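The sequence shown lines up with residues 218 to 484 when you count with the numbering used here.
Glycine included, C-beta positions come from ideal geometry on N, C-alpha and C.
As the structure is a computational prediction, the values presented were derived from the model and not from experiment.
Before any comments, here is the structure.
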Amino acid sequence: MRLAFLAAVLLPACIAAAGAQAQDTKKEIERYQRMIADSSPVELFELLGEELWKKPQGPRNVSLERCDLGLGAGVLKGAYARLPRYFRDADRVMDLETRLLHCMGTLQERKPEETARTPFGTADKPSEMEVLSAYIAGFSRGAKLAPGTAHPREREAIELGRQLFFHRTGAWDLSCASCHGEAGKRIRMQDLPVLSKPEFARPVMATWPAYRVSNSEMKTLQWRMNDCYRQMRYPEPKFASESTVALITYLTVNARGAPFRGPGTKR
(Lines of atoms letter the chains of each structure in order from A; the text may use other names.)
(Lines give C-alpha, C1' and ligand atoms only; values in the text may rest on other atoms or scores of the structure.)
Protein backbone atom coordinates (compact mmCIF):
# COMPACT_ATOMS: atom_id res chain seq x y z
CA MET A 218 0.00 0.00 0.00
CA ARG A 219 2.79 2.37 0.95
CA LEU A 220 4.58 1.74 -2.36
CA ALA A 221 1.37 2.32 -4.27
CA PHE A 222 0.82 5.57 -2.35
CA LEU A 223 4.37 6.78 -3.07
CA ALA A 224 4.02 5.90 -6.74
CA ALA A 225 0.74 7.78 -6.96
CA VAL A 226 2.33 10.85 -5.38
CA LEU A 227 5.78 10.83 -6.98
CA LEU A 228 5.02 9.69 -10.53
CA PRO A 229 2.99 12.77 -11.53
CA ALA A 230 5.65 14.98 -9.95
CA CYS A 231 8.40 13.26 -11.94
CA ILE A 232 6.43 13.58 -15.16
CA ALA A 233 5.78 17.26 -14.49
CA ALA A 234 9.46 17.85 -13.75
CA ALA A 235 10.49 16.08 -16.95
CA GLY A 236 8.01 18.16 -18.92
CA ALA A 237 9.28 21.38 -17.37
CA GLN A 238 12.87 20.38 -18.10
CA ALA A 239 11.99 19.66 -21.73
CA GLN A 240 10.35 23.09 -22.02
CA ASP A 241 13.41 24.75 -20.47
CA THR A 242 15.69 22.91 -22.90
CA LYS A 243 13.55 23.98 -25.85
CA LYS A 244 13.65 27.61 -24.73
CA GLU A 245 17.43 27.46 -24.35
CA ILE A 246 17.76 25.99 -27.85
CA GLU A 247 15.55 28.75 -29.26
CA ARG A 248 17.63 31.38 -27.46
CA TYR A 249 20.81 29.84 -28.85
CA GLN A 250 19.38 29.82 -32.37
CA ARG A 251 18.50 33.52 -32.12
CA MET A 252 21.99 34.27 -30.84
CA ILE A 253 23.81 32.49 -33.68
CA ALA A 254 21.49 34.05 -36.26
CA ASP A 255 22.55 37.52 -35.11
CA SER A 256 26.19 36.79 -35.92
CA SER A 257 25.67 34.65 -39.03
CA PRO A 258 28.04 35.31 -41.97
CA VAL A 259 25.32 34.51 -44.53
CA GLU A 260 25.81 37.84 -46.31
CA LEU A 261 29.43 36.94 -47.07
CA PHE A 262 28.27 33.86 -48.96
CA GLU A 263 25.68 35.94 -50.79
CA LEU A 264 28.42 38.33 -51.93
CA LEU A 265 30.50 35.42 -53.19
CA GLY A 266 27.44 34.13 -55.02
CA GLU A 267 26.78 37.50 -56.65
CA GLU A 268 30.36 37.60 -57.92
CA LEU A 269 30.02 34.10 -59.36
CA TRP A 270 26.59 34.82 -60.90
CA LYS A 271 28.11 37.71 -62.87
CA LYS A 272 31.41 36.00 -63.72
CA PRO A 273 31.94 34.90 -67.37
CA GLN A 274 32.82 31.20 -67.48
CA GLY A 275 32.93 28.20 -69.78
CA PRO A 276 33.72 27.87 -73.49
CA ARG A 277 31.28 30.68 -74.31
CA ASN A 278 32.79 32.95 -71.62
CA VAL A 279 29.42 34.25 -70.46
CA SER A 280 27.85 34.73 -67.03
CA LEU A 281 24.71 33.17 -65.60
CA GLU A 282 22.84 36.48 -65.65
CA ARG A 283 20.51 35.25 -68.43
CA CYS A 284 19.61 32.06 -66.57
CA ASP A 285 15.83 31.63 -66.41
CA LEU A 286 14.87 30.39 -62.95
CA GLY A 287 11.18 30.33 -63.84
CA LEU A 288 10.17 33.99 -63.85
CA GLY A 289 12.10 35.06 -66.93
CA ALA A 290 15.73 35.29 -67.99
CA GLY A 291 17.79 36.86 -65.23
CA VAL A 292 14.84 37.52 -62.89
CA LEU A 293 15.88 36.69 -59.33
CA LYS A 294 13.25 38.50 -57.25
CA GLY A 295 10.97 35.84 -55.78
CA ALA A 296 12.30 33.08 -58.06
CA TYR A 297 13.62 30.79 -55.33
CA ALA A 298 10.28 30.82 -53.49
CA ARG A 299 8.59 29.43 -56.63
CA LEU A 300 10.86 26.39 -56.86
CA PRO A 301 10.83 23.46 -57.48
CA ARG A 302 8.76 23.72 -60.64
CA TYR A 303 8.42 22.23 -64.11
CA PHE A 304 10.61 23.70 -66.86
CA ARG A 305 9.46 23.05 -70.40
CA ASP A 306 12.90 23.56 -71.96
CA ALA A 307 14.30 20.69 -69.87
CA ASP A 308 11.04 18.70 -69.66
CA ARG A 309 11.51 17.99 -65.97
CA VAL A 310 10.84 19.38 -62.52
CA MET A 311 13.86 21.24 -61.17
CA ASP A 312 14.94 22.72 -57.89
CA LEU A 313 17.40 25.62 -57.80
CA GLU A 314 20.57 23.54 -57.99
CA THR A 315 19.28 21.38 -60.83
CA ARG A 316 18.30 24.50 -62.75
CA LEU A 317 21.71 26.07 -62.17
CA LEU A 318 23.34 22.93 -63.61
CA HIS A 319 21.09 23.29 -66.64
CA CYS A 320 22.05 26.94 -67.15
CA MET A 321 25.74 26.21 -66.73
CA GLY A 322 25.39 23.67 -69.52
CA THR A 323 23.15 25.60 -71.92
CA LEU A 324 24.46 29.14 -71.42
CA GLN A 325 28.11 28.58 -70.58
CA GLU A 326 28.50 25.19 -72.33
CA ARG A 327 30.22 23.75 -69.31
CA LYS A 328 30.19 19.97 -69.04
CA PRO A 329 28.29 18.15 -66.25
CA GLU A 330 31.42 16.32 -65.12
CA GLU A 331 32.85 19.73 -64.25
CA THR A 332 29.83 21.52 -62.80
CA ALA A 333 28.51 18.58 -60.75
CA ARG A 334 31.86 17.15 -59.69
CA THR A 335 32.05 18.94 -56.31
CA PRO A 336 28.57 20.27 -55.47
CA PHE A 337 29.31 20.31 -51.73
CA GLY A 338 32.19 22.41 -50.48
CA THR A 339 34.12 22.85 -47.25
CA ALA A 340 34.59 25.63 -44.73
CA ASP A 341 37.74 26.70 -46.57
CA LYS A 342 36.30 26.37 -50.05
CA PRO A 343 32.51 26.58 -50.51
CA SER A 344 31.17 25.17 -53.76
CA GLU A 345 29.67 27.14 -56.63
CA MET A 346 26.24 25.69 -55.84
CA GLU A 347 26.42 26.77 -52.20
CA VAL A 348 27.31 30.41 -52.79
CA LEU A 349 25.01 30.76 -55.81
CA SER A 350 22.14 29.26 -53.80
CA ALA A 351 22.75 31.73 -50.97
CA TYR A 352 22.80 34.68 -53.38
CA ILE A 353 19.69 33.70 -55.31
CA ALA A 354 17.68 32.62 -52.27
CA GLY A 355 18.30 36.01 -50.67
CA PHE A 356 16.12 37.63 -53.34
CA SER A 357 13.10 35.71 -52.03
CA ARG A 358 13.16 36.95 -48.44
CA GLY A 359 9.58 37.63 -47.39
CA ALA A 360 8.06 35.87 -50.41
CA LYS A 361 5.71 32.98 -49.67
CA LEU A 362 6.82 29.51 -50.72
CA ALA A 363 4.81 28.56 -53.79
CA PRO A 364 6.31 25.55 -55.62
CA GLY A 365 4.70 24.34 -58.82
CA THR A 366 1.76 21.96 -58.35
CA ALA A 367 -0.41 22.33 -61.47
CA HIS A 368 1.60 20.58 -64.19
CA PRO A 369 1.27 16.77 -64.43
CA ARG A 370 5.04 16.38 -64.04
CA GLU A 371 4.91 18.47 -60.87
CA ARG A 372 2.17 16.27 -59.45
CA GLU A 373 4.23 13.19 -60.33
CA ALA A 374 7.24 14.65 -58.49
CA ILE A 375 5.14 15.40 -55.41
CA GLU A 376 3.82 11.85 -55.30
CA LEU A 377 7.26 10.34 -55.88
CA GLY A 378 8.64 12.51 -53.09
CA ARG A 379 5.86 11.38 -50.75
CA GLN A 380 6.59 7.72 -51.52
CA LEU A 381 10.32 8.21 -50.97
CA PHE A 382 9.68 10.00 -47.67
CA PHE A 383 7.87 6.97 -46.24
CA HIS A 384 9.87 4.23 -48.02
CA ARG A 385 11.94 2.12 -45.62
CA THR A 386 15.21 0.83 -47.00
CA GLY A 387 18.92 0.34 -46.39
CA ALA A 388 20.85 -1.70 -43.83
CA TRP A 389 18.89 -0.19 -40.93
CA ASP A 390 15.46 -0.34 -42.61
CA LEU A 391 14.92 3.39 -42.12
CA SER A 392 12.93 6.02 -43.97
CA CYS A 393 12.75 9.81 -43.76
CA ALA A 394 9.61 9.27 -41.71
CA SER A 395 11.53 7.18 -39.17
CA CYS A 396 12.92 10.45 -37.81
CA HIS A 397 10.49 13.00 -39.22
CA GLY A 398 7.14 11.20 -39.11
CA GLU A 399 6.15 11.30 -35.45
CA ALA A 400 5.95 14.16 -32.95
CA GLY A 401 8.18 14.26 -29.88
CA LYS A 402 11.32 12.72 -31.34
CA ARG A 403 14.75 14.22 -30.75
CA ILE A 404 18.38 13.51 -31.57
CA ARG A 405 20.62 14.86 -28.81
CA MET A 406 19.40 18.45 -28.34
CA GLN A 407 17.68 18.69 -31.71
CA ASP A 408 13.90 18.33 -31.99
CA LEU A 409 12.89 16.37 -35.08
CA PRO A 410 10.03 18.10 -36.93
CA VAL A 411 7.22 16.08 -38.52
CA LEU A 412 7.92 17.18 -42.08
CA SER A 413 4.78 15.61 -43.52
CA LYS A 414 2.73 18.21 -41.62
CA PRO A 415 2.65 21.85 -42.79
CA GLU A 416 2.98 23.37 -39.31
CA PHE A 417 6.34 21.63 -38.92
CA ALA A 418 7.53 21.77 -42.54
CA ARG A 419 7.03 25.53 -42.94
CA PRO A 420 9.64 26.81 -40.46
CA VAL A 421 12.17 24.25 -41.72
CA MET A 422 11.82 24.70 -45.48
CA ALA A 423 11.58 28.48 -45.15
CA THR A 424 15.18 28.72 -43.95
CA TRP A 425 17.14 26.62 -46.47
CA PRO A 426 19.81 27.05 -47.80
CA ALA A 427 21.49 27.64 -44.46
CA TYR A 428 24.79 28.35 -42.75
CA ARG A 429 25.81 25.51 -40.42
CA VAL A 430 27.56 26.94 -37.35
CA SER A 431 28.92 23.54 -36.28
CA ASN A 432 31.10 23.23 -39.38
CA SER A 433 31.22 26.85 -40.64
CA GLU A 434 29.72 25.88 -44.00
CA MET A 435 26.87 27.06 -46.20
CA LYS A 436 24.64 24.09 -47.03
CA THR A 437 21.86 23.54 -49.54
CA LEU A 438 18.76 21.36 -49.71
CA GLN A 439 20.48 18.95 -52.09
CA TRP A 440 23.17 18.48 -49.44
CA ARG A 441 20.49 17.99 -46.77
CA MET A 442 18.81 15.20 -48.76
CA ASN A 443 22.18 13.60 -49.48
CA ASP A 444 23.25 13.76 -45.84
CA CYS A 445 20.00 12.20 -44.63
CA TYR A 446 20.58 9.20 -46.89
CA ARG A 447 24.16 8.98 -45.66
CA GLN A 448 23.00 8.94 -42.03
CA MET A 449 20.53 6.17 -42.87
CA ARG A 450 23.52 4.14 -44.14
CA TYR A 451 22.04 4.10 -47.61
CA PRO A 452 24.00 4.76 -50.84
CA GLU A 453 24.14 8.52 -51.33
CA PRO A 454 21.98 9.65 -54.25
CA LYS A 455 23.37 11.30 -57.35
CA PHE A 456 23.48 15.08 -57.10
CA ALA A 457 20.35 16.72 -58.55
CA SER A 458 18.79 13.32 -59.21
CA GLU A 459 15.09 12.81 -59.81
CA SER A 460 14.74 11.34 -56.31
CA THR A 461 16.32 14.25 -54.42
CA VAL A 462 14.38 16.80 -56.46
CA ALA A 463 11.16 14.86 -55.78
CA LEU A 464 11.82 14.84 -52.03
CA ILE A 465 12.54 18.57 -52.04
CA THR A 466 9.36 19.14 -54.05
CA TYR A 467 7.23 17.12 -51.62
CA LEU A 468 8.66 18.88 -48.58
CA THR A 469 8.33 22.34 -50.13
CA VAL A 470 4.71 21.65 -51.08
CA ASN A 471 4.08 20.72 -47.44
CA ALA A 472 5.50 24.13 -46.51
CA ARG A 473 3.44 26.16 -49.00
CA GLY A 474 2.52 29.63 -47.83
CA ALA A 475 5.41 30.05 -45.41
CA PRO A 476 7.24 33.38 -45.78
CA PHE A 477 10.80 32.62 -46.84
CA ARG A 478 13.31 33.66 -44.14
CA GLY A 479 16.52 32.31 -45.59
CA PRO A 480 19.29 31.84 -46.11
CA GLY A 481 19.03 30.63 -42.54
CA THR A 482 21.41 29.69 -39.75
CA LYS A 483 21.50 26.20 -38.28
CA ARG A 484 23.33 24.65 -35.35
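For the alpha helix (DSSP H) holding GLY291, just list the boundary residues, first then last.
First-last for GLY291: undefined, no H or E at that position.
Mapping the DSSP letters down to three states, classify VAL430 as helix, strand or coil.
Three-state result, VAL430: coil.
For LEU264, which option in HIS397, ARG450, TYR352 has the closest C-alpha, if you only look at C-alpha atoms?
TYR352
Please state whether DSSP places PRO476 in a helix, a strand or coil.
DSSP places PRO476 in strand when its eight states are reduced to three.
Local conformation of PHE456 per DSSP, three classes
coil
Any heavy atom of the ligand MN within a distance shorter than 8 Å of the CB on GLY266?
Judged by which ligands are present, the structure shown has none, so any question about the ligand MN falls away.
Say whether the stretch 280-296 touches the stretch 391-399, bearing in mind that this needs 3 or more beta-carbon pairs closer than 8 Å, one atom from each stretch.
Judged by Cβ distances under 8 Å, the stretch 280-296 makes no contact with the stretch 391-399, as fewer than three pairs qualify.
Can you confirm whether the stretch 271-290 touches the stretch 313-320 when touching is taken to mean that 3 or more C-beta pairs between the two stretches lie within less than 8 Å?
yes
Beta-carbon proximity of GLY378 to VAL470, cut-off 9 Å:
VAL470 sits close to GLY378, with the two beta carbons spaced by under 9 Å.
Local conformation of VAL545 per DSSP, three classes
Residue coverage of the chain in this structure runs from 218 to 484, which leaves residue 545 outside it and unanswerable.
Other residues of its chain near SER357: CB distance less than 6 Å, five sequence neighbours each side excluded
GLY295, TYR297, ALA298, PHE477
What does a CB cutoff of less than 7 Å around THR424 pick up in its chain, not counting 5 residues either side in sequence?
Same-chain partners within the cutoff: ARG478, GLY479, GLY481.
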